[in-house]
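**Student:** Before anything else, here's the structure in question.
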Amino acid sequence: MIFSSDNWAGAHPRIAESLVKAAGGFAAAYGTSDLDKKVEGLFSELFEREVAVFFVGTGTAANSLAFASVSKPGGHVFCHREAHVNADECNAPEFFSLGARMAAVDGAFGKMDAGKLAAEIGRFTPGVVHSGQPMAITLTQATEAGTVYTLTEIEAVSTIARRHRLPLHMDGARFANALVALDTTPAEMTWKRGVDILSFGATKNGCWCAEALVFFDPAMAEGFPYLRKRSAQLFSKTRFVSAQLEAYFEGGLWLDMARHANAMAARLAEGLKGSNSARLGWAADANELFVIIERSRAKALMDQGAVFYDWHPPRDMAHEIGPDEGMYRLVTSFATQPDDVDRFLSAL
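Residue numbers for the sequence shown follow our numbering, beginning at 1244 and rising by one.
Following this line, the structure appears as structure tokens:
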């Protein structure tokens, strides 16, 4: 009954096999091997256009270096108030972008409200140096609340970005989960809706360690190799990342794993409807559920072996949680089994 995080899940057997296969022999280093070039080509096929791809070690590195690549003096990056870049990355985005600040934007259920985003950007008067200047916009897909921006909602954010000539970044730590939830294509969910840079995450979805930064206009990445090297994110044996991603894409494995994770979350959500001591905080779209449980019952579940995190409730719903209740996050993954879900519901 492990619902703590999809980071706790191991690697899919096919991903592990790919690493063993890549372990023998010799291959050119620093992203220049035939396998590295093949996987870069797979990204271009996947997104239906030529893209520039750079492998990095973590999602935090991908996000931080994305902002570094578009950094401006006094820059502000507009994000949801509870976005990972704002709440969970220990100021790494600010550090690597040489002092840019995260400008928090509110919105229900983890999604920036387009009107509030426009108003927040409007607080910066061009030419007034004291407050700094807008630098970029970032949205998380799927969000930290387990919800997913619709294509229309992404386009609404990108329209604002274009109006202010700001690059739009997508934090795709759970990119595959969002993609299958919308039943759309990678191209439709990104550059066709105005996204300029994507942090493409695979570690949470069955890989060992595989993150990438994707620039949909390769010209934007002209100086990026130097940023990656300077930040110690240039792997020498890059073929081990490429090997994972080759297996990840082969036969649609990445989408199958994401569908399974989402289905397990849906199974859990359906079962919670029958509980008299727990309820969903809101409807989720992907593989994260946020559940309100009596604190004593949550402790009893943990004593029985269930693993999940307590969670700070969003500011706009704290009043809905009773004094004897808490909010808890439950995350499913490719490795979650139906029996895990059913045993948890039975214990609840």
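By construction, the Cβ of each residue, glycine as well, lies at the ideal position given by its N, Cα and C atoms.
At which residue ranges does the segment 1265-1352 contain complete beta strand (DSSP E) runs of 3 or more residues, listed in the order of the chain?
**Tutor:** With a minimum length of 3 residues, the continuous beta strand (DSSP E) runs that stay inside the segment 1265-1352 are 1295-1299, 1318-1323 and 1344-1348.
**Student:** Could you please give me the residues that DSSP links to H1412 through a beta bridge?
**Tutor:** In the sequence shown, residue 1412 corresponds to position 169, counting from 1. H1412 is bridged to T1381 and I1440.
**Student:** What is the rounded straight-line gap between the Cα of G1569 and the Cα of W1554?
**Tutor:** As a working mapping, residue 1569 is identified with position 326 in the sequence shown. As a working mapping, residue 1554 is identified with position 311 in the sequence shown. If I take the Cα positions, the gap works out to 8 angstroms.
**Student:** Rounded C-beta distance between Y1491 and A1543? I'm assuming under 8 angstroms.
**Tutor:** Position 248 of the sequence shown, counted from the start, is the residue given in the question as residue 1491. Position 300 of the sequence shown, counted from the start, is the residue given in the question as residue 1543. About 38 angstroms; that fails the 8 angstroms criterion.
**Student:** Would you mind listing the alpha helix (DSSP H) stretches within the segment 1416-1473 that are 4+ residues and don't spill past its ends, in chain order?
**Tutor:** Segments of the alpha helix (DSSP H) lying fully in the segment 1416-1473: 1418-1425, 1429-1432 and 1467-1473.
**Student:** Would you report the Cα separation of A1266 and S1485, rounded to the nearest angstrom?
**Tutor:** For the purposes of this step, residue 1266 is taken as residue 23 along the sequence shown, with counting starting at 1. For the purposes of this step, residue 1485 is taken as residue 242 along the sequence shown, with counting starting at 1. Those two C-alpha atoms are separated by around 12 angstroms.
**Student:** Going by alpha carbons, who is nearest to Q1476 out of P1581, S1307 and G1350?
**Tutor:** Locating residue 1476 in the sequence shown gives position 233, counting from the first residue. The residue with the shortest Cα to Cα distance from Q1476 is S1307.
**Student:** Can you tell me where the alpha helix (DSSP H) with F1533 in it begins and where it stops?
**Tutor:** As a working mapping, residue 1533 is identified with position 290 in the sequence shown. Where F1533 is concerned, there is no enclosing alpha helix (DSSP H), although the beta strand (DSSP E) it sits in stretches over E1531 to E1537.
**Student:** Just the C-alpha distance for T1428 and W1251, rounded to the nearest angstrom, thanks.
**Tutor:** As a position in the sequence shown, residue 1428 is number 185, starting the count at 1. As a position in the sequence shown, residue 1251 is number 8, starting the count at 1. The alpha-carbon atoms of T1428 and W1251 are separated by roughly 27 angstroms.
**Student:** Rounded to whole angstroms, what is the Cα-Cα separation between D1499 and D1567?
**Tutor:** Here the question's residue 1499 lines up with position 256 in the sequence shown. Here the question's residue 1567 lines up with position 324 in the sequence shown. Cα-Cα distance, rounded: 39 angstroms.
**Student:** Taking 7 angstroms as the threshold (C-beta atoms), are L1278 and R1482 in contact?
**Tutor:** Within the sequence shown, residue 1482 is the residue found at index 239, counting from 1. Within the sequence shown, residue 1278 is the residue found at index 35, counting from 1. Against a cut-off of 7 angstroms, the Cβ pair of L1278 and R1482 comes out as a contact.
**Student:** By DSSP, does Y1552 sit in helix, in strand, or in coil?
**Tutor:** Position 309 of the sequence shown, counted from the first residue, corresponds to residue 1552. Strand at Y1552.
**Student:** How many Å lie between L1511 and Y1552 at the Cα?
**Tutor:** Translated into positions along the sequence shown, residue 1511 becomes position 268. Translated into positions along the sequence shown, residue 1552 becomes position 309. Cα to Cα, L1511 sits roughly 16 angstroms from Y1552.
**Student:** State the CB to CB distance for the pair S1576 and D1249, rounded to an integer number of angstroms; the pair is presumed to be in contact (CB under 8 angstroms).
**Tutor:** On the sequence shown, position 333 is the one that residue 1576 refers to. On the sequence shown, position 6 is the one that residue 1249 refers to. Contact flag correct, Cβ pair sits at about 4 angstroms.
**Student:** In this structure, how does DSSP classify I1599 when only helix, strand and coil are distinguished?
**Tutor:** This structure leaves residue 1599 out entirely; the chain is present only between 1244 and 1591.
**Student:** What I want to know is whether the C-beta of A1385 ends up closer than 6 angstroms to one or more non-hydrogen atoms of the ligand ATP.
**Tutor:** You won't find the ligand ATP in this model; it holds no ligand whatsoever.
**Student:** Give a yes or no on whether the C-beta atoms belonging to L1425 and T1433 are separated by under 7 angstroms.
**Tutor:** Taking the sequence shown and counting its residues from 1, one reaches residue 1425 at position 182. Taking the sequence shown and counting its residues from 1, one reaches residue 1433 at position 190. No, the pair does not count as a contact, with Cβ atoms beyond the cut-off.
**Student:** Determine the DSSP secondary structure at G1495, reduced to helix, strand or coil.
**Tutor:** As a position in the sequence shown, residue 1495 is number 252, starting the count at 1. If DSSP states are grouped into helix, strand and coil, G1495 belongs with the helices.
**Student:** On the CB-based measure, 16 or more other CB atoms within 10 Å of its CB, does S1589 come out buried or exposed?
**Tutor:** As a first step, residue 1589 must be located in the sequence shown, where it is residue number 346. It counts as exposed.
**Student:** Going by beta-carbon coordinates alone, are H1323 and M1355 separated by less than 7 angstroms?
**Tutor:** Counting from 1 along the sequence shown, the entry for residue 1323 is found at position 80. Counting from 1 along the sequence shown, the entry for residue 1355 is found at position 112. Their beta carbons are under 7 angstroms apart, which means H1323 touches M1355 by this criterion.
**Student:** Rounded to whole angstroms, what is the Cα-Cα separation between F1458 and D1585?
**Tutor:** Sequence index remark: in the sequence shown, residue 1458 carries index 215 (1-based). Sequence index remark: in the sequence shown, residue 1585 carries index 342 (1-based). Roughly 42 angstroms between the two C-alpha positions.
**Student:** If I measure Cβ to Cβ from V1391 and keep anything under 7 angstroms in the same chain, skipping five residues before and after, which residues do I get?
**Tutor:** Within the sequence shown, the letter at position 148 stands for residue 1391. Within the same chain, V1391 has close Cβ partners Q1384, A1385, A1421, A1424, L1425, D1528 and A1529.
**Student:** Rounded to whole angstroms, what's the CA-CA distance from A1259 to A1351? Just pull it up for me.
**Tutor:** On the sequence shown, residue 1259 is found 16 positions in, with the first residue counted as 1. On the sequence shown, residue 1351 is found 108 positions in, with the first residue counted as 1. Taking the straight line joining both Cα atoms gives about 39 angstroms.
**Student:** For F1339 and T1579, what's the separation of their Cα atoms in angstroms?
**Tutor:** Indexing the sequence shown from 1 puts residue 1339 at position 96. Indexing the sequence shown from 1 puts residue 1579 at position 336. Computed Cα separation, rounded: 35 angstroms.
**Student:** Does DSSP put A1521 in a helix, a strand or coil?
**Tutor:** Against the sequence shown, residue 1521 aligns to sequence position 278. Correct three-state label for A1521: strand.
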